[in-house]
Amino acid sequence: MRILALDSSGLVASVAIVAREGKEAVTVAEYTINYKKTHSQTLLPMLDEIVKMTELDLNEIDGIAVAAGPGSFTGLRIGSATAKGLGLALGKPLIHVPTLEGLACNLWGTDRVICPILDARRGQVYAGIYEFDGDDLKIIEEQMAIDIGELGERLKSLGRPVIFLGDGVPVHRDALTESIMAGYDIAFAPANMNRQRAASVGSLAIRYYQAGRIETAARHKPDYLRVSQAERERAEKESAVKKRAAYRKDNLQ
Amino acid sequence: MDEKKDILILAIESSCDETAASVVRNGREVLSNIISSQIALHTLYGGVVPEIASRKHIEKINQVIEAALSEAGVTLGEIDAVGVTYGPGLVGALLVGVAEAKAIAYAAGKPLIGVHHIEGHIAANYIEHKDLEPPFFCLVVSGGHTHLVRVKDYGQFEIIGRTRDDAAGEAFDKVARAIGLGYPGGPKIERVSREGNPEAVVFPRAHVGDAPYDFSFSGVKSAVLNYINGCRMKGEEWNQADVAASFQKAVTDVLVENAMRAVQEFGVKKFAIAGGVASNSTLRRAMKEACDREGIDFYYPSPVYCTDNAAMIGAAAYYEYLNGTRHGWDLNAVPNLRLGER
Chain A
34 MRILALDSSG LVASVAIVAR EGKEAVTVAE YTINYKKTHS QTLLPMLDEI VKMTELDLNE
94 IDGIAVAAGP GSFTGLRIGS ATAKGLGLAL GKPLIHVPTL EGLACNLWGT DRVICPILDA
154 RRGQVYAGIY EFDGDDLKII EEQMAIDIGE LGERLKSLGR PVIFLGDGVP VHRDALTESI
214 MAGYDIAFAP ANMNRQRAAS VGSLAIRYYQ AGRIETAARH KPDYLRVSQA ERERAEKESA
274 VKKRAAYRKD NLQ
Chain B
295 MDEKKDILIL AIESSCDETA ASVVRNGREV LSNIISSQIA LHTLYGGVVP EIASRKHIEK
355 INQVIEAALS EAGVTLGEID AVGVTYGPGL VGALLVGVAE AKAIAYAAGK PLIGVHHIEG
415 HIAANYIEHK DLEPPFFCLV VSGGHTHLVR VKDYGQFEII GRTRDDAAGE AFDKVARAIG
475 LGYPGGPKIE RVSREGNPEA VVFPRAHVGD APYDFSFSGV KSAVLNYING CRMKGEEWNQ
535 ADVAASFQKA VTDVLVENAM RAVQEFGVKK FAIAGGVASN STLRRAMKEA CDREGIDFYY
595 PSPVYCTDNA AMIGAAAYYE YLNGTRHGWD LNAVPNLRLG ER
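Protein chains in written order, with my numbering: chain A, 34 to 286; chain B, 295 to 636.
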C-alpha cells in the first residue's frame with residue numbers, strides 16, 4: 034500500500050510517499066522545506082516534483098494523510114484543502130493524523146517520554162505527551178493547548194526523562210532548561226527530526242489506515258484545538274452577562 | 295469556432311462568506327450553481343468574521359463541488375478546466391478555494407485558471423444576456439467593491455471610477471446597523487425602504503472634486519448617524535423606514551449620476567451593473583430609467599448571479615480559457631488583487 038502524506042501545519046511544508054509491502058515499510062520520497070514562501074505556493078509544486086521524480090501514478094495511492102491540527106489555522110487549511118481536493122478528484126480516503134502524534138513519530142523507538150510542542154502564542158503551547166511501547170505509539174496525554182508551566186508540572190509528575198521537539202522549542206528552551214524543568218533529565222531533538230516531517234505522518238497513517246481510521250474527503254476538517262477569537266470573545270461576553278444576571282438575581286431579592 | 299467542442303468549466307468561489315461551485319458550458323450556459331451561504335452564522339457577529347468564514351468553507355467545499363458536478367450531470371473527467379477566484383477577498387477564505395481547486399485540477403490533469411472576483415461579477419451579465427459582448431461599461435457594486443469599469447474586451451478592463459472610502463454595500467451594512475436593522479444591510483434596508491419616503495430626509499450626494507467618476511460613501515453614512523444622534527439629543531422621534539429610504543435614494547442617485555456622466559463622456563452604447571448591490575431593485579429601476587433616457591441598452595443579472603456565486607467565475611474563466619490564461623501549481627491567493635493584473 035502507498036500513502037501520500039502532507040504536513041503544512043507549521044512553518045515547514047512537507048510532502049512524502051510512504052509505502053508498505055508485507056512487513057516492510059519505506060519512504061519512497063520526502064520533500065521538506067522550511068522557508069519563508071507560503072504553503073500555498075510550495076505544497077503542490079513539491080508534490081508535482083515527487084510525482085515526476087518517482088514516476089508516480091496518483092491513482093495508485095491508497096489514501097491521503099494530512100497533519101490535521103493543531104497548528105497555524107491557515108497552514109492547516111492549505112494542507113486539508115489540498116488533501117480534500119486530491120481525495121475528491123482521485124476518489125481516495127483521507128487519514129486524519131493529529132499533528133503532534135505525527136511529530137512524536139520522528140522519535141520512533143526512544144525510551145524517553147516524547148513531548149512535541151508548537152508555539153500557540155498567548156503564553157501557551159500546543160503539546161501532547163507520548164511514549165513508545167515496543168513498536169506502538171502510546172498517548173500519555175492527548176494533544177492540547179496548555180500553559181508551558183502547567184505542561185512542565187505534568188511532565189515532572191511522570192518522573193521520567195523527556196525529549197522535546199517542535200517549533201515551540203526555540204521559544205521555550207531556556208525556560209524549560211533553566212526553570213520549568215531544571216534538575217530533570219531533558220533533551221531536545223536534533224535538526225534532522227525536530228520539525229514536522231511528512232514521512233512521519235505517512236508512516237503513522239499506514240497504521241491508522243490498517244486499523245480502519247479513515248474518513249471521506251468530504252467529511253474531513255482540521256482540528257484546531259481552539260475556537261476563533263470572535264467565538265471566544267462572544268462566549269466570554271455571554272458568560273459575563275449570565276454572571277451579572279445571576280449576581281443580580283442572588284443579591285437583589 | 296462552430297466545429298469546436300463544448301467547453302465545460304468547473305468553477306469554485308470562496309472569497310468571502312459563500313462557498314460556491316458551478317459547472318458552466320461555453321461561458322454562458324449554467325449547468326449547476328451551488329451556493330452554501332454562511333449569512334445566518336455571521337449575523338451573530340454583525341458581519342463576516344474571516345476565521346469563521348474560512349472554517350466553514352473547508353467544512354462545506356467538497357459537498358458543494360460534488361453537488362455542482364452531479365447536478366450538472368458531468369464527471370470531473372469531462373471538465374475542460376478548473377476556474378477559481380484567487381482575489382480580491384479575505385485571504386484565509388480565498389486560500390481554501392485556491393488550494394482545493396489546484397489539487398482537483400492537478401489530480402484530474404486539467405488546466406487551472408485563476409479568476410479575478412470582479413471579473414466574475416462583470417461576467418455574470420453574460421449568463422442571461424447571450425447577446426451581450428464587449429465593449430460595454432459596468433458598474434460593480436458590492437459589500438467590498440464600488441468600481442465603474444470600462445470593459446474593452448473579454449479579460450480587458452479599465453477602471454474609470456472607484457470608491458475613495460467605503461464600498462456602497464459596506465455603507466448599507468453600517469447604516470443598517472446604526473438604524474437597528476442588523477446584518478446583512480442591503481436586503482434589510484431595501485425591505486423597510488418600501489414603507490418609507492425617500493424624500494423625507496435629505497442626505498448629501500458626495501462628489502469627488504478632481505475625479506468625476508469616483509465615489510465616496512462615508513459622508514452619507516456619517517450624515518445618517520448624525521441625523522439619528524441629532525434626533526435623539528432633541529428627544530425627537532425618527533422614522534426607520536424614512537431614514538432607510540432616504541439613505542438608499544442618496545446612494546442610488548450618486549451611482550446613477552456618475553454612471554451616466556461616463557455614458558455621455560465616453561459615448562457608451564451598452565451599460566451593465568453587477569455585484570451584490572446590483573440586486574437592489576431601487577438601483578435597478580433608477581439605472582434602467584436613466585439608460586432609457588440616454589437611449590442605451592441596460593443589462594443586469596438576476597439576483598442569484600449578483601451576490602457571490604461560482605457561475606459568474608465559470609463565465610469569466612471560459613473567456614480566460616479562450617485567451618490562453620493558465621496558472622501554475624504555485625498559484626496563491628492575492629487578497630488585494632487588481633483588476634486586469636495577473
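Backbone N, C-alpha and C define an ideal beta-carbon position, used for all residues, glycine too.
It should be emphasised that the depicted structure is a prediction, and the values quoted were computed from it without experimental measurement.
Query	Result
Runs of alpha helix (DSSP H) lying entirely within the stretch 323–399 of chain B, each at least 4 residues, in chain order	333–337, 344–366
Simplified DSSP state of residue 258 of chain A, which is helix, strand or coil	coil
Closest Cα partner of residue 42 of chain A within the set A:129, A:174, A:205, A:144	A:129
DSSP beta-bridge partners of residue 198 of chain A	A:149
Neighbourhood of residue 147 of chain A by C-beta distance below 7 Å, restricted to the same chain and skipping five residues each side	137, 140, 163, 164, 196
DSSP three-state assignment for residue 177 of chain A, whether helix, strand or coil	strand
Burial state of residue 216 of chain A (16 or more Cβ within 10 Å)	exposed
Run of the alpha helix (DSSP H) containing residue 229 of chain A, from where it starts to where it stops	Residue 229 of chain A -> no alpha helix (DSSP H), and no H or E assigned at all.
With 16 other Cβ atoms within 10 Å as the buried cut-off, status of residue 444 of chain B	buried
Beta-carbon spacing of residue 118 of chain A, residue 127 of chain A below 7 Å	no
Local conformation of residue 310 of chain B per DSSP, three classes	coil
For residue 135 of chain A, the residue or residues it bridges with in DSSP	DSSP output for residue 135 of chain A lists no bridge partner at all.
Residue environment, residue 434 of chain B, which counts as buried when at least 16 other CB atoms sit within 10 Å	buried
Bridge partner(s) assigned by DSSP for residue 37 of chain A	A:50, A:97
Chain-ordered chain A contacts of residue 370 of chain B [CB-CB under 9 Å]	121, 122
Positions along the stretch 254–283 of chain A whose CB lies within less than 8 Å of some CB in chain B	254, 255, 257, 261, 262, 263, 264, 267
Continuous beta strand (DSSP E) stretch holding residue 166 of chain A: start and end	157–166
Burial state of residue 77 of chain A (16 or more Cβ within 10 Å)	buried
Min CB distance residue 47 of chain A to chain B below 7 Å	no
N-terminal and C-terminal residue of the alpha helix (DSSP H) that residue 507 of chain B is part of	Counting along the chain, residue 507 of chain B falls outside any alpha helix (DSSP H), and DSSP gives it neither H nor E.
Chain-ordered residues of the stretch 320–350 of chain B with a beta carbon less than 8 Å from chain A	338, 339, 343, 345, 346, 348, 349
Span of the alpha helix (DSSP H), counted from its first residue to its last, around residue 62 of chain A	Premise fails: residue 62 of chain A lies in the beta strand (DSSP E), 57–66, not in any alpha helix (DSSP H).
Chain-order list of residues whose beta-carbon lies under 6 Å from that of residue 509 of chain B (same chain, five-residue window excluded)	440, 457
Any chain A beta carbon closer than 7 Å to residue 400 of chain B	yes
Pick from B:513, B:505, B:487 that is closest to residue 499 of chain B, judged by C-alpha positions	B:513
Where residue 38 of chain A meets chain B, residues with beta-carbon distance less than 9 Å	Chain B residues near residue 38 of chain A: none, gap ~14 Å exceeds 9 Å.
C-alpha gap between residue 283 of chain A and residue 277 of chain A, whole angstroms	10 Å
Reduced DSSP category for residue 242 of chain A - H, G, I as helix; E, B as strand; rest coil	helix
C-alpha distance - residue 568 of chain B paired with residue 353 of chain B, whole-angstrom precision	29 Å
C-alpha gap between residue 48 of chain A and residue 68 of chain A, whole angstroms	14 Å
CB contact flag (residue 571 of chain B, residue 463 of chain B, <7 Å)	yes
Beta-carbon proximity list for residue 358 of chain B, same chain, < 7 Å, skipping 5 on both sides	313, 314, 315, 328, 330
Nearest residue (CA-CA) to residue 376 of chain B, options B:361, B:367, B:392	B:392
Per-residue DSSP class, three states only, for residue 295 of chain B	Annotation note: pLDDT 47 at residue 295 of chain B (below 50); position unreliable, coordinate value reported separately. Of the three classes helix, strand and coil, the one that applies to residue 295 of chain B here is coil, per DSSP.
For residue 316 of chain B, the residue or residues it bridges with in DSSP	B:305, B:327
7 Å Cβ cutoff met for residue 604 of chain B and residue 306 of chain B	yes
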